[in-house]
C-alpha cells in the first residue's frame, strides 16, 4: 500500500509552501518555491478528478451532439456530430486517451454551437440553451475551489 | 551574467573604466520577459560613478510573443511627457551579448509595484490618491499626440472604425495558434464580438495594452513614479485600456473595486474629466468581452509554450491551471451567460 497521489502532492505543497519557502533567500527563489507548491496543490485535485471530469463531460457533450444531429440543417455537420458522439467510449481509461476524445467532441460541439445560433425555430433555441448550460457546467467541472 | 553585463556596459558608458556589476537579482513576475535589477559602479576622469538599472531580457518563449523594439519605442515616446516612464538607456535586438535580446533602463528607487501591498493598511491614505493618479495618467496616455514619435514609427494606426477589428483579428489569430484544446466559451465570445461591433473610436490613441495595478510603480505618498510593461502597446481605441483595467482578474481584494482600489464609476468620472473623452457603455461592454478573449489568448500562449518545452518557467502552468477556467467564468459573466 502506498499513499495516494493526492496525499503525496498535498504533502509536497505543504513542504514547499510552509517549510522551504521561508528558507529561500531571494524573492525570485521564494516565488519559484511558492509556484511549485501551488502547482502541487492544484495537481492533487486534478489527479483525483480528471477521469471523472472527462467521462462526465464526454457523455454530456455526446448527448448534445446526438440531439443536435436531428435538427441541424447542414447534413455534413449532422453526420460529423453523430459520428463524434458515437466514438465517445474510450479504449482505455488513461487521461490522455479521454482528453483526446474530449478534444474531438468539443471541436464538433463548437461547430454545432455556431450552426445552432443561426438556425431558426424553438428546437434550435432550446438546444442553444442546453449548449450554454453545458459550457457553464464545463467551468464548474474545472473549478479549483480553494485557489480562486 | 555579471561579467557579461560588465563587458556590454563598459563601452556604452562615457569615459568608463573599472566597471563592476553587483546586487544582481532576478525580480519575481515578469512572465513575458525576465526582469533583473543590478548596480553598476565605474570610474571616470571626474571620479566614481554608480547607477542602478533594470534589465528586461527575452526568454526562449513566454506568455506573450512581443517585439522588445516596439516596447522600447513606446517607453521612449513618453520620456519627458506627463506620462511617467523609466529612462530607457540601451536596446539590443541580437543574442550576442546576453544570449537573447534585451533592453536596459534606469531603476526608479523607493517604489512598490505589488498588487497586494497596495491593499495593506499602510496604504489606506495613499490608495485613493494612487487610484486618482492612475486614471489621470491613463487620460494623459490617451490624449498624447503620438504623431512624429517613435510610437508612430513602429506602430500602424488603424482607422477609428477599424480599431476593434484590428485587435480582434490579432488575438483570434493568437488563440488559433496557441490553444491546446478546443475552447467552446472563447469561440462563442469571438462570434459575439464580430456580430456586435462597438462604436468607432472617438480618437486613435496610444493604447498601453496592459494598464492595471501591477504595471504602475507607486509610492506611499500617493504618487505614481512610472507606468511599465509597454509590451502590448499599440495605436487604437482608448476604451480598450479602460475596459482592461476594469477586468475581474484584477479585482485583487474581491470586493468589486477595480484593481482593488477604485469603484468603476469613480474611475470613469476621473478619466472622462481629465481626458475629455466619453466612456460609452456599449463600447466599454464590447471591450470588456474583448478583454476576456485577449487575456485567454495570453494564458493559452503561456500554456502552449510550457507544454512544448519552449519555456520551463512554473508561472506558465500556474497561469494555465488558475486562470484559463477562471477566464471562461469571467467571459460567461461578461456575455450575460453565467446563469
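Chains as they are written, first to last, in my numbering: chain B, 13 to 160; chain R, 2 to 340.
Glycine included, every Cβ here is placed at the ideal spot set by N, Cα and C.
| Item | Value |
| --- | --- |
| Three-state secondary structure assigned by DSSP to residue 187/R | helix |
| Every unbroken alpha helix (DSSP H) within the region 23-60 of chain B, with a cutoff of 4 residues, ordered by chain | none |
| 3 or more residues per run - each beta strand (DSSP E) lying fully within the region 173-247 of chain R | 206-208, 217-219, 225-228 and 235-237 |
| Proximity of residue 41/R and residue 26/R at Cβ, strictly below 8 Å | no |
| Listed by chain order, chain B residues near residue 326/R by CB distance under 7 Å | 151, 154 and 155 |
| Alpha-carbon to alpha-carbon, residue 326/R and residue 160/B | Because the pLDDT of residue 160/B is 40, which lies under 50, any placement of that residue in the model is unreliable, and the number read from its coordinates should be weighed accordingly. Spanning the two alpha carbons is a distance of roughly 10 Å. |
| C-beta contact flag for residue 293/R and residue 252/R at 8 Å | no |
| Residue 213/R at chain B interface by Cβ criterion, 8 Å | no |
| Members of the region 304-335 of chain R near chain B, C-beta cut-off 7 Å | 315, 316, 318, 319, 322, 323, 326, 327, 329, 330 and 333 |
| Exposure of residue 72/R, with buried meaning 16 or more beta-carbon neighbours within 10 Å | buried |
| Residues from the region 107-129 of chain B in contact with chain R, defined by Cβ distance under 8 Å | 111, 114, 115, 118, 119, 121, 122, 125, 126 and 129 |
| Cα-Cα separation between residue 85/B and residue 169/R, rounded to whole angstroms | 29 Å |
| Residue 328/R, DSSP secondary structure in three states | helix |
| Within the region 96-137 of chain B, ranges of the beta strand (DSSP E) (whole runs, at least 3 residues) | none |
| Of the residues 65/B, 128/B, 106/B and 61/B, the one placed nearest residue 93/B, counting alpha carbons only | 128/B |
| Touch test, the region 148-158 of chain B against the region 119-135 of chain B, Cβ-Cβ under 8 Å, three pairs minimum | no |
| Any chain R beta carbon closer than 8 Å to residue 59/B | no |
| Contacting positions in the region 39-60 of chain B - beta carbon closer than 7 Å to chain R | 39, 40, 43, 44, 47, 48, 50, 51 and 54 |
| Own chain partners of residue 16/R with C-beta closer than 7 Å, once the 5 adjacent residues on each side are dropped | 45 and 46 |
| Nearest candidate by alpha-carbon position, reference residue 12/R, set 57/R, 98/R and 2/R | 98/R |
| Own chain, CB closer than 6 Å to residue 331/R, minus 5 neighbours either side, in chain order | 249 and 293 |
| Proximal residues of chain B, C-beta to C-beta of residue 26/R below 9 Å | 38, 39 and 40 |
| Chain B contact for residue 182/R (CB, 8 Å cutoff) | yes |
| For residue 72/B and residue 3/B, the rounded distance between their alpha carbons | Given that chain B is displayed from residue 13 to residue 160, the structure contains no residue 3/B and the question cannot be resolved. |
| Cβ distance (whole Å) where residue 220/R is taken to contact residue 242/R below 8 Å | Not a contact, Cβ separation roughly 22 Å. |
| Whole-Å CB distance - residue 186/R paired with residue 238/R, under 8 Å assumed | Incorrect: roughly 24 Å between the Cβ atoms, too far for contact. |
| is_contact[residue 148/B, chain R] using C-beta, thresh 8 Å | yes |
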